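This is the structure:
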C-alpha cells in the first residue's frame, strides 16, 4: 500500500504507478470535496481525450497530485491508475495479446505525453502512460497517493496480465485461501497490490482499483472519515487497523470509492472492518 516517501517523481521506470485520475459526474462538486479533504488546488488544462475537452490537475503545494475530469455518458467513472510504459504503442499491442482490450489510443496529450486507455484481462479500467521526462507526481506525503490495489474476482488472470506486461514478481501476502492478497514487485520492491474480492463484496461487483491516500498522523483515519462525512461523502468501511497502518474506505459525493491510511498506526494482524458495500443498491 505504500510506495515510500518521495515528494514527487520526475524519472519514472516502466511498471510504476505514475498518475491517478478521477472520472466524475460533477467536476465542481468533486473539486470542492477533495479540496476540503486534502487541501488540493486545481489547474485546468485543455485535453482532447476527455469528453468535455478539459482536465483539472489537482496540486498540493504546487506539485501535481492527480487529475479530475467529467466522465462521458456510458464511460468509466471513479478513480483509476496510470502505469508507466516506455512506449505507449507497444503497450497497446501487449494489451491485446494478453487478453485485454484497448479503448482509446495511443494518443498524444499536450503536456502529458502518450497514453493508452484499456480494459485489462480482468475487466478493470487502466491507463498505460508514456510520460514526459519532466513529469512530476506527488506521492508518499500526507494528502497524496500512497498506493493502489486492483480488486478483482480472478487473481490468476490479473497476475498473468500484469506480470507478463511488466515482469512483476507476484508474492502472496495473505493465506491464499481466506485472504487472497498479493503484492507485485520490481526488484523486490512492491509497486502495486492485487486483491481477490471476498464475501464483503457482492458477486457482481465490477473489478476496480482502490487508490490509497496517505494521511498526516496528527489527523489520522478516524478524523479524515469524519471530515469526509461533513463534506458530503460517505464512510464505506469504518476505520480499522492493518499491518500497513490504520485505514478507512470512503466515498466522495459522487459515490467514487477510495481509501485513506495513516502509516504510523501499523499493527500486527488485521482489525475488524465494518463494511457498507457501496455497490449494494
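In UniProt numbering, the protein residues as written are 1 to 281. We put the beta carbon where it would ideally sit given N, CA and C, even for glycine. No experiment lies behind these values; they were computed from the predicted model shown.
For residue 206, which of 232, 257, 83 has the nearest alpha-carbon? Considering only alpha carbons, the answer is 257.
Per DSSP, residue 231 is paired with what? Looking at the DSSP assignment, residue 231 forms no beta bridge with any residue, so it has no partner.
Compare the beta carbon distance of residue 128 and residue 88 with 9 Å and say whether it is the shorter of the two. yes
Could you give the uninterrupted runs of the alpha helix (DSSP H) lying entirely in the UniProt domain "VOC" (16 to 131), keeping only those of 4 residues or more? 27 to 38, 88 to 97
Between 180, 255, 30, 84, which lies nearest to residue 117 when the distance is taken from Cα to Cα? 84
Simplified DSSP assignment, three categories, for residue 181: strand
Roughly how far, in whole angstroms, is the beta-carbon of residue 70 from the beta-carbon of residue 57, given that I think they are within contact range, below 8 Å? Incorrect: roughly 14 Å between the Cβ atoms, too far for contact.
Can you give the Cα-Cα distance for residue 16 and residue 65, rounded to whole angstroms? The C-alpha of residue 65 is placed about 15 Å away from the C-alpha of residue 16.
Please look up how many angstroms separate the CB atoms of residue 60 and residue 143, rounded, as I've assumed it's under 8 Å. 6 Å
Expressed to the nearest angstrom, what Euclidean distance is found between the alpha-carbon atoms of residue 184 and residue 170? 5 Å
Please report the straight-line C-alpha distance between residue 188 and residue 165, rounded to a whole angstrom. Rounded to the nearest whole angstrom, the CA to CA distance from residue 188 to residue 165 is 17 Å.
Classify residue 111 as buried or exposed, calling it buried when 16 or more other Cβ atoms lie within 10 Å of its own Cβ. The residue in question, residue 111, is exposed, as its Cβ has fewer than 16 Cβ neighbours within 10 Å.
Can you check DSSP and say which residues form a bridge with residue 189? 186
As assigned by DSSP and simplified to three states, the class of residue 162: helix
Residues near residue 267 by beta carbon distance below 6 Å, same chain, minus five either side: 241.
Bridge partners for residue 151 per DSSP, in chain order? The partner list for residue 151 (beta bridge, DSSP) reads 195, 208.
If you follow the beta strand (DSSP E) that residue 144 is in, where does it begin and where does it stop? No beta strand (DSSP E) contains residue 144, which DSSP labels as neither H nor E.
Rounded to the nearest angstrom, what separates residue 27 and residue 254 at their Cα positions? Rounded to whole angstroms, residue 27 to residue 254 spans 10 Å at the Cα level.
Residue range of the unbroken beta strand (DSSP E) whose run includes residue 260: 257 to 262
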